[in-house]
Amino acid sequence: MGKYILRSLLQMVPVLFLISAIVFVLVHVTGDPVNLMLPETATEEDRAVLSKALGLDRPLYVQFGLFLYNAVQGDFGHSFHYGQSALPLVLERLPASFQLAGAGMLIATLLAIPLGIISALKRNTYLDLFISGLSALGKGMPNFWTGIMLILLFSVILGIFPVSGKGGPEHLVLPAITLGAGIAAQMTRLIRASMLEILNQEYIRTARSKGLLETVVIFKHALRNGLIPVVTIMGLQFTSLIGGTLVTETVFSWPGLGQLLVSAVNTHDMSIVQAAVFVIAIIVLVVNLLTDIVYRYLDPRIKYS
13 MGKYILRSLL QMVPVLFLIS AIVFVLVHVT GDPVNLMLPE TATEEDRAVL
63 SKALGLDRPL YVQFGLFLYN AVQGDFGHSF HYGQSALPLV LERLPASFQL
113 AGAGMLIATL LAIPLGIISA LKRNTYLDLF ISGLSALGKG MPNFWTGIML
163 ILLFSVILGI FPVSGKGGPE HLVLPAITLG AGIAAQMTRL IRASMLEILN
213 QEYIRTARSK GLLETVVIFK HALRNGLIPV VTIMGLQFTS LIGGTLVTET
263 VFSWPGLGQL LVSAVNTHDM SIVQAAVFVI AIIVLVVNLL TDIVYRYLDP
313 RIKYS
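Note that the numbering used here has the sequence shown beginning at 13, numbered continuously upward.
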């Protein structure tokens, strides 16, 4: 397992290099930041001076080489919009995104596991149809629409929760539900399918024939194996939450990484975009590695060579 972890960490290096190269090229071909930093009345001389000061007059491969050299040292340049180093700005927003993504995943897990188990145990009953219909509805609703509907109902009409911003726990409820609803729907369907398959296995019938309590059969023997495919979804969804909270953060004005990234793209703040994508890529790779480790814990038969 130790060799697998070490090899996975080493494999992250070329992946991060490739992601950095793609983002660097995309950022540089989508527009000239000098045009955004200077007023329309600026002369060509002013543009040339600023371009030289930013190093944008050099060939692209030279700029990329300097970017990599500095990035290895944790320096992604300065944000011209905020006037600060890019990486600290990104890391400063990261806890808010983790808080939102973690709350969304917690809500999804607390909903999906019991609903998935109940749906499997009550297969082809009205309760199963109700849960399946609820899952299909949750999966089909886009995040921004769910968020707007929640704001309309719980903030505007009932006045229970604040519309936007970050403060006490009450500010977290609606955006977390918005993020968690879609994931809960997907996980519920997956747990139901996984549990249906496992409940028909021979070792489950053997456990029941021994007279074990149904709760022991379900939670000790069936659920553990049933969670293996769910862990995959949880890992993938958590990484997508970190990188994809931009819609929810924008709807609820949540000061996280997604909102910062949207703002940086709109202002063509290259340093922020590059630092944010780099950090998100590292999070995705680390979470994928942790997912593999959890696999091994859930099913000791899994071997990594």
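Cβ atoms here follow ideal geometry from the backbone N, Cα and C, with glycine treated the same way. Predicted, not measured: the structure shown is a model, and the values here were computed from it.
C-beta contact flag for residue i and residue j at 8 Å
{"i": "Leu170", "j": "Gly268", "result": "no"}
{"i": "Val285", "j": "Val39", "result": "yes"}
{"i": "Ala287", "j": "Ile203", "result": "no"}
{"i": "Ile160", "j": "Val175", "result": "no"}
{"i": "Phe290", "j": "Ala83", "result": "yes"}
{"i": "Thr257", "j": "Gly270", "result": "yes"}
{"i": "Phe264", "j": "Leu186", "result": "yes"}
{"i": "Ala33", "j": "Ser283", "result": "no"}
{"i": "Ala120", "j": "Met207", "result": "no"}
{"i": "Asn155", "j": "Thr260", "result": "yes"}
{"i": "Phe29", "j": "Phe79", "result": "no"}
{"i": "Val243", "j": "Thr303", "result": "yes"}
C-alpha gap between residue i and residue j, whole angstroms
{"i": "Leu272", "j": "Ala196", "result": "26 Å"}
{"i": "Phe88", "j": "Glu57", "result": "27 Å"}
{"i": "Ala108", "j": "Asn300", "result": "21 Å"}
{"i": "Leu211", "j": "Arg201", "result": "15 Å"}
{"i": "Ala69", "j": "Arg59", "result": "Note that residue 69 is Asp in the sequence shown, not Ala. Straight-line Cα distance between these residues: approximately 10 Å."}
{"i": "Ala188", "j": "Val277", "result": "24 Å"}
{"i": "Ser116", "j": "Gln249", "result": "One point to set straight first is that residue 116 is Gly, not Ser, in the sequence displayed. Roughly 10 Å between the two C-alpha positions."}
{"i": "Lys232", "j": "Leu101", "result": "45 Å"}
{"i": "Gln85", "j": "Gly77", "result": "13 Å"}
{"i": "Val229", "j": "Ala219", "result": "7 Å"}
{"i": "His183", "j": "Ile17", "result": "38 Å"}
{"i": "Leu224", "j": "Ile305", "result": "31 Å"}
{"i": "Gln23", "j": "Gln75", "result": "25 Å"}
{"i": "Gly152", "j": "Lys222", "result": "42 Å"}
{"i": "Val25", "j": "Val168", "result": "48 Å"}
{"i": "Ser275", "j": "Asp281", "result": "8 Å"}
Which listed residue (the options) has its alpha carbon closest to that of residue i
{"i": "Leu118", "options": "Leu106, Gly14, Gly192, Ser176", "result": "Gly192"}
{"i": "Gly114", "options": "Met246, Met161, Asp281, Ser221", "result": "Met246"}
{"i": "Ser91", "options": "Val289, Gly238, Thr279", "result": "Thr279"}
{"i": "Thr227", "options": "Arg19, Ile129, Phe76", "result": "Ile129"}
{"i": "Ile143", "options": "Tyr81, Leu80, Ala132", "result": "Ala132"}
{"i": "Phe110", "options": "Phe79, Ile295, Leu302, Arg19", "result": "Ile295"}
{"i": "Ala234", "options": "Gly223, Tyr215, Val243", "result": "Tyr215"}
{"i": "Arg236", "options": "Met24, Gly150, Tyr309", "result": "Tyr309"}
{"i": "Leu323", "options": "Ala205, Arg19, Gly180, Val274", "result": "The structure shown does not extend to residue 323, since the chain is modelled only from 13 to 317, so the question has no answer here."}
Terminal residues of the alpha helix (DSSP H) in which residue i lies
{"i": "His280", "result": "No alpha helix (DSSP H) contains His280, which DSSP labels as neither H nor E."}
{"i": "Thr218", "result": "214-221"}
{"i": "Ala234", "result": "Where Ala234 is concerned, there is no enclosing alpha helix (DSSP H), given that its DSSP letter is neither H nor E."}
{"i": "Ala124", "result": "98-133"}
{"i": "Ala148", "result": "138-152"}
Close Cβ partners of residue i (< 6 Å) along its chain, the five nearest in sequence each way excluded
{"i": "Thr158", "result": "Thr190, Ala193"}
{"i": "Lys134", "result": "Asp140"}
Close Cβ partners of residue i (< 8 Å) along its chain, the five nearest in sequence each way excluded
{"i": "Thr27", "result": "The amino acid at residue 27 is misidentified as Thr; the sequence shows Val. The answer, listed in chain order, is Ala293, Leu297."}
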